[in-house]
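Heads up: the sequence shown begins at 0 in numbering that gives the first Met the number 0, then just goes up one per residue.
Heads up, the beta-carbon is just placed ideally off N, CA and C, and yes, glycines get one too.
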Amino acid sequence: MTSTGIRLDAPAPGWAIDADVVVVGSGVAGLTAALRCTAAGLATVVVTKARLDDGSTRWAQGGIAAALGEGDTPEQHLDDTLVAGAGLCDEDAVRLLVTEGPDAVRRLIATGAHFDTDETGAISLTREGGHHRRRIAHAGGDATGAEISRALVEAVRTRAVRTIENALVLDLLKDEDGRTAGITLHVMGEGQHDGVGAVRAPAVVLATGGMGQVFSATTNPSVSTGDGVALALRAGAEISDLEFVQFHPTVLFLGADSEGQQPLVSEAVRGEGAHLVDAAGTRFMLGQHELAELAPRDIVAKAITRQMQAQGAEHMYLDARHFGAAMWEQRFPTILAACRSHGIDPVTEPIPVAPAAHYASGGIRTDRHGRTTVPGLYACGEVACTGVHGANRLASNSLLEGLVFAENIAEDIAAGVSTPVQDKAVEPSSPEGPDGEPVPLLDPAARIQIQRIMTEGAGVLRSADSLAEAAGRLEAIRADEHKAAVPGVEAWETTNLLLVSRVLVAAAAAREETRGCHWREDRPDRDDAAWQRHLVVRITPERSLDIRPTASATFPPTVAATPLEP
Numbered sequence: 000m001t002s003t004g005i006r007l008d009a010p011a012p013g014w015a016i017d018a019d020v021v022v023v024g025s026g027v028a029g030l031t032a033a034l035r036c037t038a039a040g041l042a043t044v045v046v047t048k049a050r051l052d053d054g055s056t057r058w059a060q061g062g063i064a065a066a067l068g069e070g071d072t073p074e075q076h077l078d079d080t081l082v083a084g085a086g087l088c089d090e091d092a093v094r095l096l097v098t099e100g101p102d103a104v105r106r107l108i109a110t111g112a113h114f115d116t117d118e119t120g121a122i123s124l125t126r127e128g129g130h131h132r133r134r135i136a137h138a139g140g141d142a143t144g145a146e147i148s149r150a151l152v153e154a155v156r157t158r159a160v161r162t163i164e165n166a167l168v169l170d171l172l173k174d175e176d177g178r179t180a181g182i183t184l185h186v187m188g189e190g191q192h193d194g195v196g197a198v199r200a201p202a203v204v205l206a207t208g209g210m211g212q213v214f215s216a217t218t219n220p221s222v223s224t225g226d227g228v229a230l231a232l233r234a235g236a237e238i239s240d241l242e243f244v245q246f247h248p249t250v251l252f253l254g255a256d257s258e259g260q261q262p263l264v265s266e267a268v269r270g271e272g273a274h275l276v277d278a279a280g281t282r283f284m285l286g287q288h289e290l291a292e293l294a295p296r297d298i299v300a301k302a303i304t305r306q307m308q309a310q311g312a313e314h315m316y317l318d319a320r321h322f323g324a325a326m327w328e329q330r331f332p333t334i335l336a337a338c339r340s341h342g343i344d345p346v347t348e349p350i351p352v353a354p355a356a357h358y359a360s361g362g363i364r365t366d367r368h369g370r371t372t373v374p375g376l377y378a379c380g381e382v383a384c385t386g387v388h389g390a391n392r393l394a395s396n397s398l399l400e401g402l403v404f405a406e407n408i409a410e411d412i413a414a415g416v417s418t419p420v421q422d423k424a425v426e427p428s429s430p431e432g433p434d435g436e437p438v439p440l441l442d443p444a445a446r447i448q449i450q451r452i453m454t455e456g457a458g459v460l461r462s463a464d465s466l467a468e469a470a471g472r473l474e475a476i477r478a479d480e481h482k483a484a485v486p487g488v489e490a491w492e493t494t495n496l497l498l499v500s501r502v503l504v505a506a507a508a509a510r511e512e513t514r515g516c517h518w519r520e521d522r523p524d525r526d527d528a529a530w531q532r533h534l535v536v537r538i539t540p541e542r543s544l545d546i547r548p549t550a551s552a553t554f555p556p557t558v559a560a561t562p563l564e565p
């Protein structure tokens with residue numbers, strides 16, 4: 000493992016606290032890891048960018064996939080996941096997910112999450128794209144993420160897990176041997192801690208969520224600026240498969256100039272029988288895939304985009320008028336309210352929809368214990384690349400992945416900590432910052448430029464020309480260092496966005512084929528002979544990007560593939 004020798008330009012930490020493990024992020028992955036570590040007797044600190052319930056988890060509408068229904072099996076769930084992943088899933092990682100998934104969901108229910116049930120009391124299950132069986136458990140109709148977040152946040156507070164809210168993670172701390180030693184962070188606002196500080200811990204779990212904000216239109220909340228991936232890159236960790244960004248096919252169209260987070264129209268709406276149509280009311284998914292509107296998301300997103308191009312339209316429509324008012328109100332109250340707040344009534348008119356950036360299938364490369372290539376650094380949830388999703392995530396596998404891999408991470412950390420912090424006398428740490436040369440910070444005004452460059456050049460449909468132009472424009476922003484900003488949240492976020500965007504574009508340009516949610520107009524065919532493998536990216540000490548393919552679709556072991564030593 001090679002250090003990059005770079006870090007964000009930030010003031011030296013003015014305060015520090017000690018822990019056994021620090022978890023960065025408060026979605027399903029982060030809070031599950033924190034609860035399991037706490038239950039194992041480890042002094043755990045949760046750091047989150049906004050409030051505990053402000054991550055991407057609470058926005059998840061559809062549900063959580065697991066083989067819970069009669070007649071369904073983990074093997075069938077595995078088959079659907081492998082098909083959606085387009086030949087790039089790590090089958091062992093998928094088998095772990097689908098085998099441990101049902102019990103992980105039951106433990107989530109035991110923690111306090113309430114899922115919708117039928118008249119017999121059994122969990123209600125629906126279908127989504129790519130699933131051949133009803134295996135999606137949901138809550139509150141279309142408010143699954145909100146219910147899971149509520150239950151986990153309540154459990155964290157009940158168990159008095161130490162939390163630091165409104166805090167942006169900056170960089171990884173390492174000891175003299177190159178092992179993880181904690182993080183630096185900036186707390187936004189007054190409280191027990193304020194400004195830049197440090198949490199010293201031998202284990203760091205990154206569960207920072209996605210990077211949807213690198214695009215102009217996304218379903219991701221404003222906090223999803225790729226901070227975890229950027230931190231890992233600067234720390235010398237390997238990133239994989241960042242070119243595979245899933246664009247959700249059905250996002251409420253608010254106008255061509257709309258930017259930032261857009262309302263999602265869950266795939267579960269199509270799972271219950273809604274149809275995709277053009278302005279004339281013609282269904283266009285029939286004949287394009289055996290599952291029609293329930294085809295995997297990459298196929299539906301590309302079909303919508305192509306239909307828009309062919310007809311010179313800005314959007315297509317999702318028609319679910321046949322549901323009737325009662326079904327809309329009971330099954331999809333959140334979506335109904337969102338549509339009506341924008342002047343659209345799904346009960347009486349089709350919903351205008353268009354694809355928008357939704358989920359990153361790639362991220363920080365990990366093994367099946369969540370260990371990265373930096374000893375002591377773990378990752379889970381959307382920030383991680385476990386090999387489960389391959390080239391395209393199967394709908395509703397994300398919440399399950401967060402649950403299963405977070406539990407494995409907690410088990411691995413607990414196995415390697417022989418004397419927890421609370422069992423020994425600890426002198427307060429002196430505030431220390433990461434070593435290395437600071438990266439010039441970007442003017443926050445560059446954020447909109449980056450997002451537009453990415454949408455235009457690295458969106459649903461890509462080509463060598465579009466990616467080359469995007470790379471050139473991003474490099475021009477990076478080279479324009481005379482606009483370097485003073486340290487602050489917006490400058491740090493924008494600098495992170497640029498780094499993640501550069502890696503994504505470089506990987507997309509290197510992968511000269513079409514696979515899953517990576518569509519190359521100039522390379523429309525899937526090329527298994529050359530490209531049924533992952534792309535791994537790291538930053539060299541010279542600050543260049545080193546991109547190399549793996550030998551196969553199975554990830555090689557991580558450098559940190561041994562438990563933490565006592």
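Item, Value
"Kindly provide the ranges of any beta strand (DSSP E) runs that are 3 or more residues long and lie completely inside the segment 33-100, ordered along the chain.", "43-46"
"Report the rounded CA-to-CA distance for Ser397 versus His113, giving the unit in angstroms.", "18 Å"
"Could you check whether Glu512 and Trp530 sit closer than 8 Å to each other, using their CB atoms as the reference points?", "yes"
"Below 8 Å on the Cβ atoms is my contact criterion, and I expect His572 with Glu242 to pass it. Report the Cβ-Cβ distance as a whole number of Å.", "The question about residue 572 has no answer here: the residues shown for the chain are numbered 0 through 565."
"In whole angstroms, give me the CA-to-CA distance for Ala567 and Leu30.", "Since the first residue of the chain shown is 0 and the last is 565, residue 567 is not available in this structure."
"Do the segment 348-357 and the segment 80-99 make contact, defined as three or more Cβ pairs closer than 8 Å?", "no"
"Whose C-beta lies closer than 8 Å to the C-beta of Ile546 among residues of the same chain, with five residues either side of it excluded?", "Ala505, Ala506, Ala509, Leu534, Val535, Val536"
"Restricting to Cα atoms, I'd like to know which of Glu474, Val23, Ala378 is closest to Val186.", "Val23"
"Going by the CB atoms, is the gap between Leu205 and Gln363 shorter than 8 Å?", "The residue you asked about is not Gln; residue 363 is Ile in the sequence shown. A contact, by the Cβ cut-off of 8 Å."
"Give the DSSP-derived three-state secondary structure of Met326 in the structure shown.", "helix"
"How many whole angstroms separate the CB atoms of Leu503 and Val213, which I take to be in contact at a CB cut-off of 8 Å?", "7 Å"
"When DSSP labels each residue in this structure, what does Asp19 get in the three-state scheme?", "coil"
"Among the residues of its own chain, which have a CB less than 8 Å from the CB of Val97, if the five just before and after it don't count?", "Ala65, Ala66, Pro73, Glu74, His76, Leu77, Thr80"
"Short of 6 Å in beta carbon distance, which residues of its chain neighbour Gly211, apart from the five on each side in sequence? Order them along the chain.", "Thr217, Asn219, Ser223, Ala356"
"Taking Leu171 and Pro433 to be in contact with their CB atoms under 8 Å, please state how far apart those CB atoms are, rounded to whole angstroms.", "7 Å"
"Is it the case that the Cβ atoms of Val387 and Val93 are separated by a distance below 8 Å?", "yes"
"Under 6 Å Cβ to Cβ from Gly144, same chain only, skipping five residues before and after it: list those, please.", "Thr56, Arg57, Trp58, Ala59"
"Since Arg537 sits in a beta bridge, which residues does DSSP pair it with?", "Asp545"
"Would you tell me roughly how many angstroms separate the C-alpha atoms of Asp141 and Gly272, rounded to the nearest one?", "15 Å"
"Alpha carbon to alpha carbon, how far is Leu51 from Leu151? Give it in angstroms, no decimals.", "9 Å"
"Less than 8 Å between the CB atoms is what I'm expecting for Cys384 and Thr372, so what's the real figure, rounded?", "With a Cβ gap of about 11 Å, Cys384 and Thr372 do not count as contacting."
"Just to confirm my understanding: we take Glu153, look at its own chain, exclude 5 residues before and 5 after, and list those with CB closer than 8 Å. What are they?", "Gly111"
"Which value, in whole angstroms, describes the spacing of the CA atoms of Gly567 and Ile538?", "Summary: the structure shown does not reach residue 567, with the chain confined to residues 0 through 565, and so no result is reported for it."
"Within its chain, find whatever has a CB closer than 6 Å to the CB of Val276; leave out the 5 residues flanking it on each side and keep chain order.", "Arg282, Tyr316, Asp318"
"Could you check where the beta strand (DSSP E) with Ile363 kicks off and where it finishes?", "362-364"
"State the beta-bridge partners of Val186 as determined by DSSP.", "Ala166, Gly194"
"What are the complete alpha helix (DSSP H) segments, minimum 4 residues, inside the segment 422-493?", "445-456, 463-478"
"Going by beta carbon distance, what residues of the same chain come within less than 7 Å of Ala302, once the five residues before and after it are set aside?", "Phe283, Met284, Gln287"
"Where Arg320 and Trp327 are concerned, what is the direct C-alpha to C-alpha distance, given to the nearest angstrom?", "9 Å"
"With a 10 Å radius around its C-beta and 16 neighbouring C-beta atoms as the bar for buried, classify Gln310 as buried or exposed.", "exposed"
"Please name the residue, chosen from Gly458, Val485, Thr557, that lies closest to His368 on a Cα-to-Cα basis.", "Thr557"
"For Thr493, does the count of other Cβ atoms within 10 angstroms reach 16, so buried, or fall short, so exposed?", "buried"
"Figure out for me which residue from Asp297, Val20, Ala18 has the closest Cα to the Cα of Arg519.", "Asp297"
"Using 7 Å as the cut-off, classify the Cβ of Glu455 as near or not near the heavy atoms of the ligand FAD, replying yes or no.", "As for the ligand FAD, it is missing from this structure, which has no ligand bound."
"Return the chain-ordered list of same chain residues with a C-beta closer than 6 Å to the C-beta of Glu313, the five sequence neighbours on each side being excluded.", "Ala255"
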